[in-house]
Each structure stands twice: as structure tokens, then as C-alpha cells.
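One structure below.
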Amino acid sequence: MHVIDPSKIRHVTIVAGKIAAMSGYIDPLTHLNLDHPYHRVTTCIIAERFEIGARVKFSSNGLLFAFVDRSAYRHYGHIDTTQRMLDMHDAVKRLKEAKVSKKV
7 MHVIDPSKIR
17 HVTIVAGKIA
27 AMSGYIDPLT
37 HLNLDHPYHR
47 VTTCIIAERF
57 EIGARVKFSS
67 NGLLFAFVDR
77 SAYRHYGHID
87 TTQRMLDMHD
97 AVKRLKEAKV
107 SKKV
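Okay, structure coming up:
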């Protein structure tokens with residue numbers, strides 16, 4: 007079984023066989039990048055629906071997985087993940103500061 011649209015993959019937290027939390031979509035620059043093997047997505051757990059509370063699927067061997075087809079990967083070049091993390095941290099900090107200033 008293969009993932010239909012790898013750009014729609016999300017990180018999730020599974021608790022008691024259900025999706026308990028879900029992030030935004032993956033970043034193809036890191037997750038589907040042939041030049042960045044450290045965080046490449048290759049398999050995904052299958053769920054009944056793509057929403058909080060949805061049950062994940064099981065096979066006789068445990069969780070049921072779908073595989074990302076090799077054609078989904080591209081060469082996007084080197085990614086400076088440290089700088090990206092710093093940028094994300096700064097963006098979150100600005101959002102929090104903006105929320106605080108609106109309350110005052």
C-alpha cells in the first residue's frame with residue numbers, strides 16, 4: 007500500500023489506537039528531500055480518517071502502514087535545519103508577544 011499524496015502527510019500522536027494530536031503538513035524540503043536523509047518520511051500509519059479521534063488501522067502484525075513511493079522524493083539541496091529552527095522559534099515568539107499585547 008502506498009501513500010496517495012505525500013504532501014498531505016502530518017505528524018500525529020497516537021494514544022490508545024486513536025489520533026490524539028495532529029500537526030500541520032510535513033515540509034517537503036526536509037521530509038521528501040533526497041539531499042536531506044535525516045528526516046525523510048518513508049512510511050505512514052493508516053487511520054480511518056485524517057482527524058483528531060480517528061482510529062488507526064491494525065493488521066495481524068500490529069499497526070498498518072503505507073509506504074511513500076520513491077517517485078515522491080526530489081533533490082531540493084542542502085537544508086540548514088538549525089537556521090530553520092531558529093526562524094521558527096522567533097516566529098512563535100512574535101506570535102505569543104502579539105497575543106499578549108492584544109490582551110493588554
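Numbering of the sequence shown is given in the working numbering, commencing with residue 7 and proceeding in unit increments.
Where is the CB? At the ideal position from N, CA and C, for every residue including glycine.
* **Spatial distance of residue 10 from residue 57 (CA atoms)** => Between the alpha carbons of residue 10 and residue 57 lies a distance of about 17 Å.
* Asked: Quick one: Cα of residue 109 to Cα of residue 97, how far?
  -> A straight line joining the alpha-carbon of residue 109 with that of residue 97 spans about 19 Å.
* Would you call the stretch 69-84 and the stretch 25-43 in contact, with 3 or more CB pairs under 8 Å? -> Contact holds: three or more Cβ-Cβ distances are below 8 Å.
* Measure from the alpha carbon of residue 7 to the alpha carbon of each residue in 51, 32, 34 and 45, then state which is nearest. => Ranking 51, 32, 34 and 45 by Cα distance to residue 7 puts 51 first.
* Could you give the DSSP three-state label for residue 24: helix, strand or coil? => Strand at residue 24.
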